[in-house]
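Data block below; observations after.
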Amino acid sequence: MKVVSVINYKGGVGKTTVTANLAADMARRGKCVLVVDLDPQTNLTFCFMKPDEWEEKYADNRTIKFWFDSILGDSDATPHFEDLAVDKHGIDILCSHLGLIDVDLDLAASLSGGTLKQQKRNYIKTYSYIRKELVHLSEGYDVVLFDCPPNFSTVTKNALIASDYYVVPAKMDYLSTLGINFLENHIRNLVKEYNQYSNELGYREEHRVNPKFLGVIATMVQYSANGPITSIKAQQAELQRSGFTMFQSMVRENKNFYSSALETSTPVVLHAPSNVTYTNIVQEMKALTTEFMRRVGL
Amino acid sequence: MMKDAVKLTKLICDFLNGLSEEEISALLENEARLKVEFSARKTCVFCDCSLGEVERTEAIYETEVNGAIHRTADKAIKLPDSFFQELDSLDSREKAQELFKQSAFCKAQLVEIARHYSIPVTTKDRNAQIVDRIIESVVGSKLKHETLLTANLHRRSK
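Which chain is which? The protein sequence lines are W and H, in order. Heads up: the first sequence begins at 15 in the numbering used here, then just goes up one per residue. Heads up: the second sequence begins at 1154 in the numbering used here, then just goes up one per residue.
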């Protein structure tokens, strides 16, 4: 099972679009896929269902918030991800909930402890919830994708600690690419701290974490007749010089097509458009999936 | 690519337009032959500096039509690998400025350096602007990357 976090501090860069389309295309190719919407804005959830359907059928007891509440409430009957997930287009989706913001606060509160040793134990425990849950899932899914919120919250850290890889969709502009450096810094510190505490507490080697950076996916790319516009290529070249791996596949800008896909609750990669522009977008999305699967070893 | 093809076609058409009626007639009746020939300039089209020390891979050439000089798309100019290696290894913007000052490149060479690093520049940019852009993209980005990657996340505010 491959576990991948889709993450970027900046909002509106295409994280959810990438996650939804990767999941849909991998499912279409026969993979068993679980996507977990960790963003309280519930954008990924609403890529696959209407808000009223979510409110009526799933909001109360089939969300990641419900799962966290069960864990933190020390309930004996904690449900598993697969019990809560909803099937849409052949993908299992663990919906989000606006109340996930409160979960972050509860998790953060659980980090404190009396002694230094207790604090380190709480640290490991607090950031390992999702990781422990995935051990239960390892036989069921080929791939788990986490759509992370645009911040470095406790929930996001849970996802990263549980992940084999992380991928960073990003707009190729100056400020967005600066943020990737910050993100990388934070992740390295999180992993270092987690492993250090794990070591000091005498936990076994398999407790160590090492999520690998899979690459940056250029999103919202504007094209001219000769390919991506020069400023896009310039930013990509700069990122590569800084040591970041770039995906060769890119996600093209097209507000109309992506907007209409949301309205039909169907990711663009599952559409069979009739015009050339939209067909190109679908093909590019499929190429992205192919490259993603190759990089994670699926 | 399309633009280059159109420009090249225009070159030929301009030449043909310059022929007399008798010459055109002779060509069409196979009584004359069309021969295309070019001669490479040995100086830079922008500032007439000598390119003698630079290894030329292809020619920069121009045509004269009705007294006006028309330049074709500029071709690649090869620059020494040692320059790129040195620029890549620098850790300060000041050192990079000094390197460019010592190298004394002409605009064509600066444009080629920018092209190597995928930095968008136009021939309308001044040399100093092109140099600044290259330095910021190559050295500046490295410094930014290092700063943000190694920033102390636990620093307390004073």
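By construction, the Cβ of each residue, glycine as well, lies at the ideal position given by its N, Cα and C atoms. This structure is a prediction, so every number in the text was calculated from the model and none was measured.
{"Query": "Neighbourhood of Pro287/W by C-beta, 7 Å cutoff - its chain only, sequence neighbours within 5 removed", "Result": "Thr293 and Val296"}
{"Query": "Neighbourhood of Ala73/W by C-beta, 7 Å cutoff - its chain only, sequence neighbours within 5 removed", "Result": "His111"}
{"Query": "Those runs of the beta strand (DSSP E) which lie wholly inside the segment 142-174 of chain W and span at least 3 residues", "Result": "157-161"}
{"Query": "Lys29/W classed as buried or exposed, judged by whether at least 16 other C-beta atoms fall within 10 angstroms", "Result": "buried"}
{"Query": "Beta-bridge partners of Cys109/W, as assigned by DSSP", "Result": "Thr77/W"}
{"Query": "Interface partners of Ala1249/H on chain W, CB under 7 Å", "Result": "Those do not exist, as Ala1249/H stays about 14 Å from chain W at its closest Cβ, beyond 7 Å."}
{"Query": "Classification of Thr1300/H by the beta-carbon crowding that lies within 10 angstroms, buried from 16 upward", "Result": "exposed"}
{"Query": "Interface positions of the segment 231-252 of chain W facing chain H (Cβ-Cβ less than 8 Å), listed along the chain", "Result": "Ala239, Asn240, Thr244, Ser245, Lys247, Ala248, Gln250, Ala251 and Glu252"}
{"Query": "Neighbouring residues, chain W, relative to Leu1302/H (Cβ below 7 Å)", "Result": "Asn195, Glu198 and Asn199"}
{"Query": "Residue environment, Pro65/W, which counts as buried when at least 16 other CB atoms sit within 10 Å", "Result": "exposed"}
{"Query": "Within chain W, the residues that Leu1306/H reaches when beta carbons sit closer than 9 Å", "Result": "Asn199, His200 and Asn203"}
{"Query": "Extent of the continuous alpha helix (DSSP H) run through Ile295/W", "Result": "Val290 to Val310"}
{"Query": "Of the listed residues Asn270/W, Ala301/W, Thr303/W and Arg309/W, nearest to Gly229/W (C-alpha basis)", "Result": "Arg309/W"}
{"Query": "Coil, strand or helix - Ile138/W by DSSP", "Result": "helix"}
{"Query": "CA-to-CA distance, Lys79/W to Phe1237/H, given in whole angstroms", "Result": "53 Å"}
{"Query": "CA-to-CA distance, Thr1276/H to Cys1259/H, given in whole angstroms", "Result": "12 Å"}
{"Query": "Chain-ordered neighbours of Leu192/W on chain H, where CB pairs are closer than 8 Å", "Result": "Lys1297 and Leu1301"}
{"Query": "Below-9 Å beta-carbon distance, Ser256/W vs any chain H residue", "Result": "yes"}
{"Query": "DSSP three-state assignment for Arg266/W, whether helix, strand or coil", "Result": "strand"}
{"Query": "9 Å Cβ cutoff, Tyr292/W in contact with chain H", "Result": "no"}
{"Query": "Buried or exposed (CB count within 10 angstroms, at least 16 for buried), Gly1205/H", "Result": "Its pLDDT being 47, under 50, Gly1205/H is placed unreliably in this model, and the value from its coordinates should be taken loosely. Exposed, by the Cβ-count rule."}
{"Query": "Close-in-space but distant-in-sequence residues of the same chain around Asn1280/H (CB under 7 Å, 5 per side omitted)", "Result": "Lys1260 and Leu1263"}
{"Query": "At least 3 beta-carbon pairs within less than 8 Å: the segment 137-154 of chain W vs the segment 193-200 of chain W", "Result": "no"}
{"Query": "Under 9 Å between C-beta atoms of Asn172/W and Leu121/W", "Result": "yes"}
{"Query": "Own chain partners of Asp97/W with C-beta closer than 6 Å, once the 5 adjacent residues on each side are dropped", "Result": "none"}
{"Query": "Candidates Leu1180/H, Arg1286/H, Glu1265/H and Gly1171/H: closest to Asp1234/H by CA position", "Result": "Glu1265/H"}
{"Query": "Below-9 Å beta-carbon distance, Ser1294/H vs any chain W residue", "Result": "yes"}
{"Query": "Proximal residues of chain W, C-beta to C-beta of Ser1245/H below 8 Å", "Result": "Within chain W, no residue comes near Ser1245/H; the closest Cβ sits about 16 Å away, beyond 8 Å."}
{"Query": "Spatially closest choice to Glu267/W from Phe261/W, Ala251/W, Lys102/W and Ile243/W, by CA coordinates", "Result": "Ile243/W"}
{"Query": "Under the three-state DSSP convention, the category Tyr188/W falls into", "Result": "helix"}
{"Query": "Cβ pair count under 8 Å reaching 3, the segment 183-194 of chain W against the segment 251-261 of chain W", "Result": "yes"}
{"Query": "Contact set between Ser1290/H and chain W, taken where Cβ atoms lie within less than 9 Å", "Result": "Ala248, Ala251, Glu252 and Arg255"}
{"Query": "Three-state secondary structure (DSSP) of Pro54/W", "Result": "coil"}
{"Query": "Cβ-based burial, Ile138/W [other Cβ within 10 Å; buried from 16]", "Result": "buried"}
{"Query": "One or two residues paired with Ala232/W in a DSSP bridge", "Result": "Ala184/W"}
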